[in-house]
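So in full-length UniProt numbering, spot 42 of the sequence shown is number 42, and the numbers just go up one at a time.
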Amino acid sequence: MEKPKSTSHSGITVYYDGLCQLCSREIAHYRKLEGAENIAFVDITSSGFDANTEGLDPHKIHKSLHVRDSEGQIFTGVEAFIVIWTQLRSLKKIVPFVSFAPVKKTLEAGYFLFAKIRPLLPRKKCSDSPYCKT
1 MEKPKSTSHS GITVYYDGLC QLCSREIAHY RKLEGAENIA FVDITSSGFD
51 ANTEGLDPHK IHKSLHVRDS EGQIFTGVEA FIVIWTQLRS LKKIVPFVSF
101 APVKKTLEAG YFLFAKIRPL LPRKKCSDSP YCKT
């Protein structure tokens with residue numbers, strides 16, 4: 001488990017891949033929802049991001065969605081989505097359903113497969129990220 005880092009706000013921090021088109025669209029959707037003002041969204045592919053400074057594993061952070069809660073605890077994958085959804089008024093109501101063990105296991109299997117193929121999906125064009133292909 002990554003070492004906890006204190007947060008400068010009362011909400012959560014979402015670490016996402018800003019070069020992933022699907023990921024970016026989802027984050028853009030979340031940003032429009034009530035409750036998003038309590039979420040700090042951090043693009044892990046931006047030139048200013050340093051996983052080590054955040055107390056995160058630089059290799060693991062690129063394999064799955066990470067969320068740091070207000071207590072400094074790190075959640076990944078489906079657990080990370082659940083933490084996000086608890087903050088967003090319109091999605092809060094699905095949390096009990098997706099937390100139900102059989103549903104959660106199914107979502108975890110789906111997310112595992114998505115995480116494996118995500119690097120193969122089309123990326124956004126970029127010029128200032130260290131993850132841009134030259």
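Even for Gly, the Cβ is constructed at its ideal location relative to N, Cα and C.
Residues near residue i in its chain [Cβ-Cβ closer than 6 Å; skip 5 each side]
i, result
"residue 135", "The structure shown does not extend to residue 135, since the chain spans only 1 to 134, so no value can be given for it."
"R123", "L19"
Close Cβ partners of residue i (< 7 Å) along its chain, the five nearest in sequence each way excluded
i, result
"K92", "W85 and T86"
"I94", "W85"
Rounded Cβ spacing between residue i and residue j (contact assumed at less than 8 Å)
i, j, result
"T76", "H66", "5 Å"
Among the options, nearest to residue i - alpha-carbon criterion
i, options, result
"Y111", "V98, T53 and K125", "V98"
"V78", "V42, K104, R25 and S24", "K104"
"G35", "E26, L121 and I12", "I12"
"E71", "V83, I27 and K60", "V83"
"I117", "V14, C23 and Y15", "C23"
Backbone secondary structure at residue i - three-state DSSP
i, result
"A51", "coil"
"R89", "coil"
"F41", "strand"
"F100", "coil"
"H66", "strand"
Contacts around residue i, its chain only, beta-carbon distance under 8 Å, and the 5 residues preceding and following it disregarded
i, result
"Q21", "L121, P122, R123 and K124"
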